[in-house]
Amino acid sequence: MNSFDTFNLAEDFDKSSADDVRVVPSAALKRARQRAANKPAVTTHFNPQGKKAGKTNKPNAQASAAPAEKKPTAQAVFVNSIQKGTTVYAGRKGCVYKWDGIAWRLIDLETGTGIANDFILKAMPGNYSFKTAQDAWKAATSILTHTSTLPERTTQVVIPVLNGYVHVEPTGQILFKKADKALGMTFNVKATVNALHGAMYTPKPVPDDSLFGRFLKSSMEDPDMRALIQEQCALSLIPGIHQLAFWWYGSGENGKGTMMSILRGFHEVAANVNLHKLDDDTEKAAVVGASILITSEVADGKWAENSWKELMGGDLIKAKQLYKDPISFVNQSTHYIASNGLPFITDPSNGVYRRLCIVEWTNQAGIKRIDELPKKILEKEAHIVLDWLLEGVQRITKRDGKFMPKEQWPLAVKQTNSAVRNGNDTILTWAEDTGACSDASVLTAKELVYFKYEQWCKDEGVEVVPNNIFWKRIWRLARFSATAPKTASSEKTKFKGNSRAPAVRIKVRLTTEEQLDEAGVAK
């Protein structure tokens with residue numbers, strides 16, 4: 001059978017004599033021909049019985065145009081601009097940093113989304129949405145982490161300032177150089193050095209008549225104490241896992257708050273740390289990107305000691321920024337804590353104490369009473385404070401980056417740390433004060449032993465160690481270890497009408513009334 005083009009058939013409609021066939025106007029025919037020229041012709045085949053067998057497309061004389069190239073997404077365009085733009089970005093562990101000429105600055109998700117937002121609105125406004133911008137920044141974060149990794153921080157002692165880098169050699173010599181992004185520095189001190197790049201620099205002593213000099217002498221009269229404080233403050237300029245923090249305590253207006261404010265003012269990013277909330281991953285997130293950690297007050301009671309030990313000990317910390325993705329980091333910033341009262345520590349191990357150097361601030365008179373003293377010192381004498389800090393850095397560097405050894409601490413500081421430890425070990429102090437000790441001939445109800453300890457703490461106004469911790473710690477003390485049960489004790493005694501009260505071989509001082517009240521003395 002013959003086959004024929006349907007448009008050729010339409011061309012002959014005006015010749016047909018069939019009454020039911022409408023004549024196609026010539027203008028419509030022209031448009032039909034034009035469309036036919038731009039698409040493959042459709043051929044209909046008939047089988048011998050006159051039924052349609054199907055349709056096939058055969059190429060038109062004019063080949064159809066190639067399909068349009070798929071346009072890149074807004075996310076792809078943004079990532080490309082981040083990688084090839086004039087601004088230098090780098091990534092590490094799910095975080096993005098931007099080089100600003102002095103240091104690598106951490107860009108959080110909110111700021112990064114804003115950068116992507118501005119780019120897409122300007123370059124591809126038709127593709128904009130908040131989610132598109134957020135996805136674009138997340139894509140950039142992922143790619144930069146693998147393609148443009150943040151340089152590892154140099155192991156040399158380098159202190160970024162506003163006009164360059166202070167390099168402190170192992171000998172203590174200081175060389176001032178240009179900023180270098182290859183050194184991986186992520187912070188800077190808000191002060192300048194009066195020297196040319198490439199020149200040696202020697203810190204100048206603090207002038208006695210300067211505001212800062214007068215403040216130091218009025219706060220710490222002992223020069224050895226001032227030297228210790230100097231090194232404590234200087235350590236904030238040497239990022240690293242020092243496993244050491246500084247706790248300053250004493251009644252108000254003694255200078256510790258002023259010194260902390262001055263030190264905070266030298267750092268671009270300072271994190272406020274709440275010791276009682278450190279078990280919360282969102283609280284830990286505040287530490288990310290900070291070059292100094294500050295706790296300006298401490299509430300009474302037990303705080304998150306285990307989480308704090310991890311933070312100070314170089315452990316990999318997991319943190320969760322609010323409404324953002326979880327991140328992991330290792331803290332390399334020094335922590336400074338201030339409180340009016342003595343540090344309260346319940347950790348039975350040495351884990352907290354060996355990470356602390358505790359200083360009592362005792363002076364309460366002098367120049368530190370001047371209004372806005374920290375602000376005035378930072379505005380007029382930042383260069384003096386920087387030189388004072390650099391002197392401390394030099395001494396630390398000469399010790400291979402180690403803080404002043406404990407045997408060199410001033411006697412007052414040694415005594416303070418010992419007193420704090422003994423004071424916190426209320427179990428030992430209670431035992432020594434009341435004569436409680438091991439005695440194989442005595443069987444005393446555990447409930448009574450703890451009651452006597454608890455009563456003593458309340459009378460002395462000191463914190464009570466919880467019952468479960470009390471029984472873990474008491475057997476570690478030499479005066480109780482002789483009768484420490486090797487396994488879970490099964491000894492019982494009579495106490496308050498209970499003939500099967502758990503008991504221990506410990507002698508405690510009892511009142512006459514307690515002795516008569518089935519107190520659990522030897523049976």
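56 is the number that the UniProt record's numbering gives to position 56 of the sequence shown; each next residue is one higher, with no gaps.
All residues carry an ideal CB built from backbone N, CA and C; glycine is no exception.
Within the model, the alpha-carbon separation for M124 versus A74 is close to 7 Å.
Taking a cut-off of 8 Å for Cβ pairs, the region 316-333 and the region 94-110 touch, as three or more such pairs fall below it. Boundaries of the alpha helix (DSSP H) harbouring L228: 223-234, taken from the DSSP string.
If one requires a minimum length of 3 residues, the beta strand (DSSP E) runs lying completely within the region 463-507 are 492-495, 498-504, in chain order. Boundaries of the alpha helix (DSSP H) harbouring W456: 446-460, taken from the DSSP string.
Beta-bridge analysis with DSSP links E360 to Y249.
Per the C-alpha coordinates, the member of G85, T86, S81, R105 positioned closest to R92 is R105.
In terms of Cα proximity to A484, the closest of T511, A440, F130, A271 is A440. Secondary structure at A436: coil, using DSSP grouped into helix, strand and coil. Under the 8 Å Cβ criterion, the region 494-513 counts as touching the region 420-436, having at least three qualifying pairs.
A residue is called buried once 16 or more other Cβ atoms fall within 10 Å of its Cβ, and A503 is buried on that count. Per the coordinates, the alpha-carbon of W99 lies some 20 Å from the alpha-carbon of S333. The three-state secondary structure of A76, taken from DSSP, is helix. The DSSP-derived three-state label of I102 is coil. The alpha carbon of W137 has as its nearest neighbour, out of A103, Y165, E169, G94, the alpha carbon of G94.
Distance from the CA atom of L237 to the CA atom of L150, rounded to whole angstroms, is 20 Å. By the neighbour-count definition (other C-beta atoms within 10 Å, threshold 16), N467 is an exposed residue. The DSSP-derived three-state label of M200 is strand. Less than 8 Å divides the Cβ of I294 from the Cβ of A270.
Here L443 is not near F495, since their CB atoms are 8 Å or more apart. Using a Cβ distance threshold of 8 Å, L389 and A285 do not count as a contacting pair. As a beta-bridge residue in DSSP terms, V168 pairs with V157, I174.
At a Cβ-Cβ threshold of 8 Å, P160 and M200 do not count as neighbours. Put simply, the backbone Cα of I474 is about 49 Å away from that of I370. Secondary structure at A270: strand, using DSSP grouped into helix, strand and coil. DSSP, read as helix, strand or coil, puts G91 in strand.
In this structure, DSSP gives H242 a state outside helix and strand, which the three-state scheme calls coil. The beta carbon of R500 is closer than 6 Å to those of K492 in its chain, skipping five residues each way along the sequence.
Residue environment for R399: exposed (fewer than 16 other C-beta atoms within 10 angstroms of its C-beta). In summary, F130 is exposed, with fewer than 16 beta-carbon neighbours lying within 10 Å of its beta-carbon over all protein chains present. Taking C-alpha positions only, A338 is separated from G164 by approximately 32 Å. Ranked by Cα distance from I427, the first of A478, N194, P205 is A478. The beta carbon of K458 sits closer than 8 Å to the beta carbons of V464 from its chain, once the five residues preceding and following it are set aside; these are given in chain order. DSSP places Y353 within a helical segment (H, G or I) once states are collapsed to three. Note on geometry: alpha-carbon atoms of F176 and I345 lie some 43 Å from one another. Residue pairing by DSSP places K320 opposite P326 in a beta bridge.
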